[in-house]
Structures are given as C-alpha cells and as structure tokens.
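Under UniProt numbering, the first residue of the sequence shown is numbered 1, with each subsequent residue one higher.
Every residue gets a Cβ at the ideal spot worked out from N, C-alpha and C, and that includes glycine.
Computed from a prediction, not measured in an experiment: that's the story for all the values here.
Some notes on the structure that comes next.
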Amino acid sequence: MASGLHAMFELRRQSLIAIFSSVSRSSTAGLQQYYVKLKDNEKNRKLFELLDLLEFNQVLIFVKTVQRCMALAQLLVEQNFPAIAIHRAMIQEER
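Take a look at the structure:
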C-alpha cells in the first residue's frame, strides 16, 4: 500500500467500519469502505491486527462513548501506538 495511506476505523456497537485511502494529502478523494461485522469482545483484537498489517500516516477511531474513547487511547498507547483521546467531554480548546 502507498506510504501516504490514511485509515479511518469506526467502531460501533455491532461492527467495525474501516475506510482506507491511498491519497497522500488530507482529502476524501479515493476513499474506499470496508465493513467487518464483529462482536464487542473481538474489536480490540481485530483493530490491532489491522494496525499491524496496514501502512498508514494517520488513523481516526470513532467510538460510542467517552469512556470507550479514553480506554481505547490508553490501550493503544500500551500497545506502542501513539494515540490521543479527543471526546465530547473536553472543552473546545482542548480538542
């Protein structure tokens, strides 16, 4: 895959939605969507599997709750992925 690969993962209650793009600049042109239906207890494992396999510059992960956002950011850091949590409980200036 291209070195400018961008990946976006959206974790929802019943599925993981991954969007990949080989666009080298910040753009939505050329995005493709892939859907993988997963149980809640399978999401972290599959996410780490995908992060290990893909070459990317950025990844955005959308989750349902503030608690899940903070927990996932912590888990990503523990797995040596640089991560920050940005969620609705933060004031705008912090985002």
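Within its own chain, the residues whose Cβ lies closer than 7 Å to the Cβ of L72, once the five positions on either side in sequence are excluded, are I61 and V63, listed in chain order. By the C-beta density criterion, L53 is exposed, having fewer than 16 other C-beta atoms within 10 angstroms.
Contact between L75 and N44 holds: CB atoms are separated by about 7 Å, below the 8 Å threshold. E78 sits in a helix when the DSSP states are folded into three classes.
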